[in-house]
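Novice: Chains as they are written, first to last, in this note's numbering: chain A, 1 to 209; chain B, 1001 to 1209.
There are 2 protein chains.
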Amino acid sequence: MDVMSRKERERLAHRSEILRAAEKVFALKGFFQTTMNEIARTAEFGTGTLYKFFKSKEDLYFTLIDEKTDEIYTKVQAELTREAPAIERITNVLFFELEFMERNRDFFKIYTSEGGRFEWSIQNECGKKVHEKMVRYIHLLAQVFQQGIDTGELKSFNPLDLAHAFEGIVHSFIFEWLIHPEPYSLVSKAETILGIFLTGAKEGKEEIG
Amino acid sequence: MDVMSRKERERLAHRSEILRAAEKVFALKGFFQTTMNEIARTAEFGTGTLYKFFKSKEDLYFTLIDEKTDEIYTKVQAELTREAPAIERITNVLFFELEFMERNRDFFKIYTSEGGRFEWSIQNECGKKVHEKMVRYIHLLAQVFQQGIDTGELKSFNPLDLAHAFEGIVHSFIFEWLIHPEPYSLVSKAETILGIFLTGAKEGKEEIG
DNA sequence: TCATATTATGAACCACCATTCTTAAAATGG
DNA sequence: CCATTTTAAGAATGGTGGTTCATAATATGA
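Structure follows, in structure tokens:
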């Protein structure tokens, strides 16, 4: 049952088109170097039209990030709060993340570049929202690690430290994949990531004799 | 023996003062939001004077990064190419890095924000230089891991993957430390980082014996 | 000290956008 | 079809900030 009028539906469609165009341009040039004009041209709208949907460039930018992060975070959250061994949940989340980034290269370029600008982002009203969501995600992850420790699956490191370490590794693999000139499957790195994170780099002393 | 004239020495001193001021302002506001005017005011020079030392804002920015990275990379490089067990070298480098960042909070804010802007940075002539240095560093690290694998100290993961994972963890701990409101010792996290990286998160099933 | 050369200065210039606003076009509906 | 309302457009506006340059300040050295 469609409760929206044709007008409303069209309006929404136009909004998404603008967001899609913005994503492309922001990913290519970063926030400060993309102009509203260019986004408008890419989306095939007039410049003024953008302001019918978003009250400023910042608003457009953060809305973009906010809606996309929601898309992945809801999925990840569902998996993390499931009833299952911690390692299994972490593994699945890793696959989610990698697969999502593989399908949303542009988005991650924007997302990752947010990392650098925290001073500015965090001051900003919309930026704060995005940042809080990242924090909540890390804490959720830490909670799962805590459970893994409790069940004896994991060593008793500080769970928040584990979460940071895990995200650090994942992030750096995604980053590497992004700047790599010839594309390869990001998901194929999952085994490696898990291997290093779970069993560590050091060769276990195999005291044979 | 001083081969520089007083003039030359003064000129050099002024240059450093400008760089120091720039570091402070860039760290606080990021590249696009700091103005040459503000850097000049901070350094107590006229705006035009900056252009006697640096041909543009970009030049100033990348010179800053370039010279600081040299400072740490030479130290790190010396340690990495030393004759010693791989794990020992990695451990020392980790302490270097953390200690350096602890003394150069501002610099790392700039450095990390470079991560995000790779499209732009890499196109840029000066940016390319900085990027190449990062790549060289990672490869050096990978080489050490390779040696560690050869000597049986480390498991035979792909050494480049190990290097990325290691830097990912370190980076994420530094990042966390940066945004944390009340300061704590970064160096104190070294044990944790090494623990996670070397032995992994999973509780050991005491493989064989 | 004074004439000259050198250097520093910051006001002015100019290009660049985010945003607004007038105008033109398209819906609407009688 | 026409009158009226709604919406889209992109030119015009205003503010900003990197860079330059004419001038002031300072140094030099005779």
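Note that CB positions come from ideal geometry on N, CA and C, so glycine has one too.
Per the contact definition of three or more C-beta pairs closer than 8 angstroms, is the region 46-58 of chain A in contact with the region 91-106 of chain A?
Specialist: With the cut-off at 8 angstroms, the region 91-106 of chain A and the region 46-58 of chain A do not touch.
Novice: Work out the CA separation of Ala1078/B and Glu97/A for me, nearest whole Å.
Specialist: The alpha-carbon atoms of Glu97/A and Ala1078/B are separated by roughly 37 angstroms.
Novice: Who are the neighbours of Leu154/A on chain B, taking C-beta pairs under 8 angstroms?
Specialist: Ala1201, Lys1202, Glu1203, listed in chain order.
Novice: Which first and last residues belong to the alpha helix (DSSP H) in which Arg1011/B is found?
Specialist: Start and end: 1006-1029.
Novice: Rounded to whole angstroms, how far is the Cβ of Leu80/A from the Cβ of Gly1200/B, which I believe are closer than 8 angstroms?
Specialist: Not really, about 20 angstroms apart at Cβ, beyond 8 angstroms.
Novice: Whole angstroms is fine: what's the gap from Gly1209/B's alpha carbon to Gly195/A's?
Specialist: Because Gly1209/B sits at a pLDDT of 38, beneath the cut-off of 50, its placement in the model cannot be relied upon, and the following sentence gives the value as read from the coordinates. Answer to the nearest angstrom: the Cα atoms are 20 angstroms apart.
Novice: Since Met1036/B and Lys1057/B are thought to touch, with beta carbons under 8 angstroms apart, how far apart are those beta carbons, to the nearest angstrom?
Specialist: Correct: roughly 6 angstroms between the Cβ atoms.
Novice: Name, please, each residue of chain B whose Cβ falls closer than 7 angstroms to the Cβ of His180/A.
Specialist: Correct list: empty, because the minimum Cβ distance to chain B is about 11 angstroms.
Novice: Is the Cβ of Glu1192/B closer than 8 angstroms to any Cβ of chain A?
Specialist: In the sequence as presented, Glu is not what sits at residue 1192/B; that position holds Thr. At least one chain A Cβ lies under 8 angstroms of Thr1192/B.
Novice: Please report the distance separating the alpha-carbon of Val135/A from that of Gly204/A.
Specialist: For Val135/A and Gly204/A, the distance between alpha carbons rounds to 34 angstroms.
Novice: For the region 159-171 of chain A, enumerate the residues whose C-beta is nearer than 7 angstroms to any C-beta of chain B, in chain order.
Specialist: Residues passing the 7 angstroms Cβ filter: Asp161, Leu162, His164, Ala165, Glu167, Gly168, Ile169, His171.
Novice: Determine the closest residue to Ala84/A out of Phe157/A, Glu10/A, Ala163/A, Glu153/A, with distance taken between C-alpha atoms.
Specialist: With distances taken between Cα atoms, Ala84/A lies closest to Glu153/A.
Novice: Going by DSSP in three states, Leu186/A sits in which element: helix, strand or coil?
Specialist: Looking at Leu186/A - three-state DSSP - the assignment turns out to be coil, as it is neither helix nor strand.
Novice: Considering Cα atoms alone, identify which of Glu1114/B, Glu1038/B, Met1101/B is closest to Ser1188/B.
Specialist: Of the candidates Glu1114/B, Glu1038/B, Met1101/B, the one whose C-alpha sits nearest the C-alpha of Ser1188/B is Met1101/B.
Novice: Assign Arg1009/B to one of two classes, buried (16 or more other C-beta atoms within 10 Å of its C-beta) or exposed (fewer than that).
Specialist: With fewer than 16 other Cβ atoms within 10 Å, it is exposed.
Novice: Apart from the five residues on each side of it in sequence, which residues of its chain come closer than 7 angstroms, Cβ to Cβ, to Phe173/A?
Specialist: Here the set comprises Lys189, Ile193.
Novice: Based on the DSSP output, what are the partners of Leu154/A in its beta bridges?
Specialist: Answer by DSSP bridge pairing, in chain order: Lys1202/B.
Novice: Here's the rule I'm using: 16 or more other beta-carbon atoms within 10 Å means buried, otherwise exposed. How should Pro1159/B be labelled?
Specialist: Buried, by the Cβ-count rule.
Novice: Please classify Arg1013/B as buried or exposed, where buried requires at least 16 neighbouring CB atoms within 10 angstroms.
Specialist: A small correction: the amino acid at residue 1013/B is Ala; Arg does not occupy that position in the sequence shown. Classification of Ala1013/B: exposed, given that the 10 Å Cβ count is below 16.
Novice: Suppose you measure from the CA of Leu178/A to the CA of Glu1023/B; what does that come to, to the nearest Å?
Specialist: Approximately 28 angstroms between the Cα atoms of the pair.
Novice: Only counting the same chain, and skipping five residues up and downstream in sequence, which positions put a Cβ closer than 8 angstroms to that of Glu207/A?
Specialist: In this prediction, Glu207/A scores a pLDDT of 44, lower than 50, which makes its location untrustworthy; the coordinate-derived value is nonetheless stated afterwards. Cβ within range, chain order: n/a, list empty.
Novice: Can you find a CB in chain B that lies within less than 8 angstroms of the CB of Leu141/A?
Specialist: Chain B, which has no Cβ nearer than 8 angstroms to the Cβ of Leu141/A, makes this no.
Novice: Give me the subset of the region 53-84 of chain A whose CB atoms are less than 7 angstroms from a CB atom of chain B, sorted by chain position.
Specialist: Going along the region 53-84 of chain A in chain order, one finds no residue with a Cβ nearer than 7 angstroms to chain B.
Novice: Who are the near neighbours of Arg103/A in its chain, counting only those whose CB is closer than 6 angstroms to its CB and skipping five residues on each side?
Specialist: Within the same chain, Arg103/A has no close Cβ partners at all.
Novice: Please classify Tyr184/A as buried or exposed, where buried requires at least 16 other C-beta atoms within 10 Å of its C-beta.
Specialist: Answer is exposed; the Cβ neighbour count stays below 16.
Novice: Taking Cβ positions only, does Glu1132/B come closer than 8 angstroms to chain A?
Specialist: It does not; no Cβ of chain A falls within 8 angstroms.
Novice: Note down the Cα distance separating Ile39/A from Glu132/A, rounded to an integer number of angstroms.
Specialist: Rounded to the nearest angstrom, the two C-alpha atoms are 27 angstroms apart.
Novice: Less than 8 angstroms between C-beta atoms, sequence neighbours within five positions excluded: which residues of the same chain meet that for Asp1066/B?
Specialist: Around Asp1066/B: Cys1126, Lys1129, Val1130, Lys1133.
Novice: Which residue marks the beginning of the alpha helix (DSSP H) containing His164/A, and which one marks its end?
Specialist: Taken as a continuous stretch (DSSP letters only), the alpha helix (DSSP H) holding His164/A covers 159-179.
Novice: Relative to the alpha-carbon of Lys109/A, which residue among Phe145/A, His171/A, Met4/A has its alpha-carbon at the smallest distance?
Specialist: Checking every option, the nearest Cα to that of Lys109/A belongs to His171/A.
Novice: For Phe1107/B, is the classification buried or exposed, using 16 other Cβ atoms within 10 angstroms of its Cβ as the cut-off for buried?
Specialist: By the 10 Å Cβ count, Phe1107/B comes out buried.
Novice: Would you mind working out which of Phe145/A, Gly46/A, Glu71/A, Arg41/A sits nearest Ala86/A, comparing C-alpha positions?
Specialist: Taking only the C-alpha atoms, the option nearest Ala86/A is Phe145/A.
Novice: The alpha helix (DSSP H) spanning Thr47/A covers which residue range?
Specialist: Its alpha helix (DSSP H) spans residues 47-53.
Novice: Measure the C-alpha to C-alpha separation of Glu1167/B and Asn1124/B and round it to an integer number of angstroms.
Specialist: Going from the Cα of Glu1167/B to the Cα of Asn1124/B covers about 24 angstroms.
Novice: For the alpha helix (DSSP H) holding Ala1086/B, just list the boundary residues, first then last.
Specialist: Residues 1086-1103.
Novice: Measure the beta-carbon distance from Leu19/A to Leu64/A and round it to whole angstroms, keeping in mind my assumption that it falls under 8 angstroms.
Specialist: Right, their Cβ atoms sit about 6 angstroms apart.
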